[in-house]
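Position one of the sequence shown corresponds to residue 1 (full-length UniProt numbering), numbered consecutively onward.
Ideal Cβ placement from N, Cα and C applies to all residues, glycine included.
Note that the structure is predicted; figures quoted are calculated from it, not measured.
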Amino acid sequence: MKIDYSKLPRHRCLCQDAKSFYASVECALRGLDPLETYLAVAGDLSRKGSVILASTPKLKAEYGIKTGSRLYEIPKDPRILLVDAQMYEYLAVSMAIVRLLNRYMPLEAIRPYSIDENICLLDGTRWSDSWEAARYIQAMIKLECGVPIAVGLGNNFLQSKLILDIRGKKDGIAECCYEDFEQKLWPQPVEDIWGIGPRIKLKLNRLGILTLGQLAQTPLDVLRRTFGPAIGEQLYFHSFGVDLTDPIQPWERLRKGFSHGQTLFFDRTLEDVKFLIRELWDDVTSRMRAAGLAGRTISVAVGYNADSGIRPIQKSRTLASPTLQESKLSTATYELLEDAPSWPIRIVHVGISNLVTPDLIQLDLFDDPEANEREVHLFETVDKLKKKYGNGVIFRANSYLNGTAVSRSRQIGGHQR
């Protein structure tokens, strides 16, 4: 199948990623050069087994210490600075970068991809030259935030992200387009390509597909049979650098779903985690209300203590009609877990997809309309209180006994503020 690039939309997209973000922010706070300093950010310095959240390029290059390493792996070298994570500081710098970008483009043209990465649409901005934009933005973020960044440029969001990961992080700025995508990206191993995880890589390798170029030469019907129509087509078109995502569509409307999970510090029973499930759905439904979306297909995953030998469980169910009510979602989740091993649980994760706008919700014949309305108003009030006073202002009473919401309210991203 030949791709006719002349019929595809062309945009000027920029993907910006901060180098060793947490470590770079810590260096900036101390007036140090992130590219010349040996520094590691730990989740908790009081625990020898604490995970390293970020390390500076020199610490990575000379000692192999990177994200996911453990505190005890760091050698005793007086040049190495070890610091506790400061999530508020990282969020503040992340928001400062978005505000800086917003000086030169509207907010709807900026899509935060993660705390340290943004994808931007340069169409209609002051720059006619994407490289000029990349160099300017790179310099301004370094000057005002003290953080070095890498940039990828492309005809769509996918291309800008891929070239950033493959070349931009080494060269500082890199660009690709439809015409040179084959030359620059096809030689890359499939595992280096954004969107291809370990399971997809394994399946591709079993088909004899090791590089992106080999993926592009694989018949579309083979990929559809192996991965299903949706993923098979996505893999095929992505291998040619084709991404038909609308770059100006509101970000929340592009969502396929919402999810939330919790890793527990000790073994819990199924009965213990039932209230945790309610808390997780509280968080998910709050985000759904903010986005103006409801969902119909729910999923739940439960992981057990690694020493137990019990395989993780993952189940899903499509409800009769869309909802964003925590009570209905929690009840349906409990039903999915009726036959699950009750102990020793270490991970709980819930999610919802098949999203629609709330105006498409239909009441069940056996629903109590007044009870439904009371629940909706109650949680709308809770949302308003949290928005005004912060997430720690109101909790369910049981959260102080059986849940984790209280402790999580004192954390950001699972780490101390």
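Inset, instruction - Quick one: give me the first and last residue of the beta strand (DSSP E) that residue 238 is part of. - result: Residue 238 -> not in any beta strand (DSSP E); alpha helix (DSSP H) instead, spanning 229–238.
Inset, instruction - Measure the C-alpha to C-alpha separation of residue 164 and residue 89 and round it to an integer number of angstroms. - result: If you take the alpha carbons of residue 164 and residue 89, they lie about 25 Å apart.
Legend entry - Strand pairing of residue 146, partner residues [DSSP]: Within the DSSP secondary-structure output, residue 146 pairs in no beta bridge.
Legend entry - Under the three-state DSSP convention, the category residue 38 falls into: DSSP, reduced to helix, strand and coil, places residue 38 within a strand of the structure shown.
Legend entry - CB contact flag (residue 156, residue 243, <8 Å): In contact: residue 156 and residue 243 (Cβ atoms closer than 8 Å).
Legend entry - Contact belief for residue 296 with residue 319 at Cβ below 8 Å, rounded distance in angstroms: Correct: roughly 5 Å between the Cβ atoms.
Inset, instruction - Check whether the Cβ of residue 356 lies closer than 8 Å to any Cβ atom in chain B. - result: The structure shown has no chain B; it contains just one protein chain.
Inset, instruction - On a CA-only basis, which of 291, 36, 187 and 144 is nearest residue 81? Give me that one, please. - result: When only C-alpha atoms are compared, the closest one is 36.
Legend entry - Given residue 418 as reference, the closest of 344, 9, 317 and 337 once Cα atoms are compared: Outside the modelled stretch of the chain, which goes from 1 to 417, sits residue 418, for which no answer is possible.
Legend entry - Closest Cα partner of residue 21 within the set 115, 38, 60 and 108: Ranking 115, 38, 60 and 108 by Cα distance to residue 21 puts 115 first.
Inset, instruction - Could you tell me whether the region 343–351 touches the region 265–276, where touching means 3 or more Cβ pairs closer than 8 Å? - result: Per the Cβ contact rule, the region 343–351 is in contact with the region 265–276 (3 or more Cβ pairs under 8 Å).
Inset, instruction - Would you tell me roughly how many angstroms separate the C-alpha atoms of residue 238 and residue 179, rounded to the nearest one? - result: Looking at the two C-alpha atoms, the distance is approximately 14 Å.
Legend entry - Inter-residue Cα distance where the pair is residue 84 and residue 41: Each residue's Cα considered, the two are about 6 Å apart.
Legend entry - Residues that DSSP places opposite residue 14 in a beta bridge: Its beta-bridge partners are 120 and 153.
Inset, instruction - Pull up the distance between the alpha-carbon of residue 16 and that of residue 129, whole angstroms please. - result: Rounded to the nearest angstrom, the two C-alpha atoms are 16 Å apart.
Legend entry - Beta-carbon proximity list for residue 278, same chain, < 7 Å, skipping 5 on both sides: For residue 278, where only same-chain residues beyond five positions count, the Cβ hits under 7 Å are 326 and 330.
Legend entry - Cα-Cα separation, residue 49 to residue 151: Answer to the nearest angstrom: the Cα atoms are 34 Å apart.
Inset, instruction - Alpha carbon to alpha carbon, how far is residue 351 from residue 287? Give it in angstroms, no decimals. - result: Approximately 12 Å between the Cα atoms of the pair.
Legend entry - N- and C-terminal bounds of the beta strand (DSSP E) containing residue 302: Unbroken beta strand (DSSP E) run through residue 302: 295–304.
Legend entry - Residue from 301, 262, 53 and 232 whose Cα sits closest to the Cα of residue 283: Closest option to residue 283, Cα to Cα, is 262.
Legend entry - N- and C-terminal bounds of the alpha helix (DSSP H) containing residue 58: It spans 57–63 - the alpha helix (DSSP H) in which residue 58 sits, taken as one unbroken run.
Inset, instruction - Go through its chain and collect everything with a Cβ distance to residue 133's Cβ below 6 Å, but skip five positions before and after it. - result: Once the five neighbours on either side are set aside, the close Cβ partners of residue 133 are 122 and 127.
Legend entry - Closest by C-alpha distance to residue 18, when choosing among 211, 194, 11 and 28: When each option's Cα is compared against that of residue 18, the closest is 28.
Legend entry - Three or more C-beta pairs below 8 Å linking the region 139–147 and the region 163–177: No contact exists between the region 139–147 and the region 163–177.
Legend entry - Proximity of residue 215 and residue 204 at Cβ, strictly below 8 Å: Pairing residue 215 with residue 204 gives a Cβ-Cβ distance under 8 Å.
Inset, instruction - Within its chain, find whatever has a CB closer than 7 Å to the CB of residue 141; leave out the 5 residues flanking it on each side and keep chain order. - result: 97, 100, 147 and 149.
Inset, instruction - Could you tell me the distance, in whole angstroms, from the CA atom of residue 104 to the CA atom of residue 125? - result: Between residue 104 and residue 125, the C-alpha separation is close to 7 Å.
Legend entry - Neighbourhood of residue 12 by C-beta distance below 6 Å, restricted to the same chain and skipping five residues each side: Within the same chain, 122, 123 and 130 come within 6 Å of residue 12 by CB-CB distance, once the 5 residues on both sides are set aside.
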